[in-house]
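Engineer: First, the structure itself, so that you have it in front of you.
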Amino acid sequence: MDGKNALGEFLRARRELVRPEDLGLPAGGLRRVAGLRREEVALLAGVSADYYVRLEQGRERHPSAQVVDALARALTLEGDATAHLHALARGTPGRRRPAPRPERVGPGLLRLMEGWPTTPAVVLGRRLTVLAANALGRALFDGHVHSDDLVRLVFLDPDARDFYPDWERVAVNTVAGLRAAAGADPDDPRLIETVGELSVRSEAFRRLWARHDIRQKAHETKRFRHRLVGELTLTYEAFTVNSAPGQQLVVYQADPGSPSEQALSLLGSLGTPFHATL
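What follows is the structure, given as structure tokens:
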């Protein structure tokens, strides 16, 4: 998926996204990159330029927690990205990888979702595939080539840009969520396969993946343009499933009395025989 120098790759990608003028640095002069120079990051983080170069080149792989925090401030990283940088700096000892187990949703969670007839809900796996959905959740995403895989839906589905009116923002957040999953298990062979396929088939994915944005799915307002009921504006909340690490329960809601609430009600009344599981 990425090279072995994950820490250095992350630092370099994030450095190139920071504009010098945003940090009070002069932006003029000949610059080989659009973002910060290595020596500027070192200055802002309070470390030597030589030490920072060693970090990017992979000759130094385990900076202290204090240095990581200083680098995060210099690179203006947010919470999830800072946590990811700490994880990269800690590293993980080499170990024999067990065979991947299939991701299954517990029966209790399925029953819980089935009890929400007016609320779309889906369970996402580590690679943002839809592991389960209640009837209205399935109806919300129905009708696409990749309805059961939110990453492929965004980047490979022919009608993705129509389904998501704010496609660029959705794409950025989707890749950032997949990056967060990759940080938790960078050697997952299915994740590596997914990233490889999308990098080949989608220039947009390739561009966004190179940014190394890290953002856990949490809460957001999102617009949909549904083929049956038109435009909906929904908020969602994402909850981690403690009984199944890596799974997320995502619950969508419309504002009470809004046209989107009426559209959801219409969608739920259409009577299409959606199933709770894949």
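If you read the sequence shown in my numbering, its first letter stands for residue 912, the second for the next number, and so on. Ideal Cβ placement from N, Cα and C applies to all residues, glycine included.
(1) Quick one: what's got a C-beta closer than 6 Å to His1130's C-beta in the same chain, skipping five residues either side?
(2) If distances are taken between C-alpha atoms only, which option among Asp961, His1123, Phe1052, Asp1060 comes closest to Phe1074?
(3) Just checking my contact of Val1062 with Leu1042 at CB under 8 Å: how many whole Å lie between their CB atoms?
(4) For Pro974, count the other beta carbons within 10 Å of its own beta carbon; 16 or more makes it buried, fewer makes it exposed. Which is it?
(5) Thinking C-beta only, is His1137 closer than 8 Å to Leu1143?
(6) Roughly how many angstroms separate the alpha carbons of Leu936 and Leu1035, rounded to a whole number?
(7) Do you know how far the Cα of His997 is from the Cα of Ala983?
(8) Could you say which of Ala945, Ala1093, Leu966 lies nearest to Pro931 if we only look at CA atoms?
(9) Alpha helix (DSSP H) containing Tyr962: first to last residue?
(10) Taking the alpha helix (DSSP H) that Glu920 falls in, what are its first and last residues?
(11) Keeping to the same chain, check which residues put their C-beta closer than 6 Å to that of Leu1175; ignore five residues upstream and five downstream.
(12) Thinking just about the alpha-carbon of each residue, which of Arg1022, Leu947, Ala1032, Tyr963 is nearest to the one in Ala919?
Structural biologist: Looking at the atomic coordinates:
(1) Glu1148
(2) Phe1052
(3) The Cβ separation is near 14 Å, so there is no contact.
(4) buried
(5) yes
(6) 42 Å
(7) 9 Å
(8) Ala945
(9) 960 to 968
(10) 917 to 926
(11) Ala1165
(12) At residue 919 the sequence reads Gly, which differs from the Ala that was named. Of the candidates Arg1022, Leu947, Ala1032, Tyr963, the one whose C-alpha sits nearest the C-alpha of Gly919 is Tyr963.
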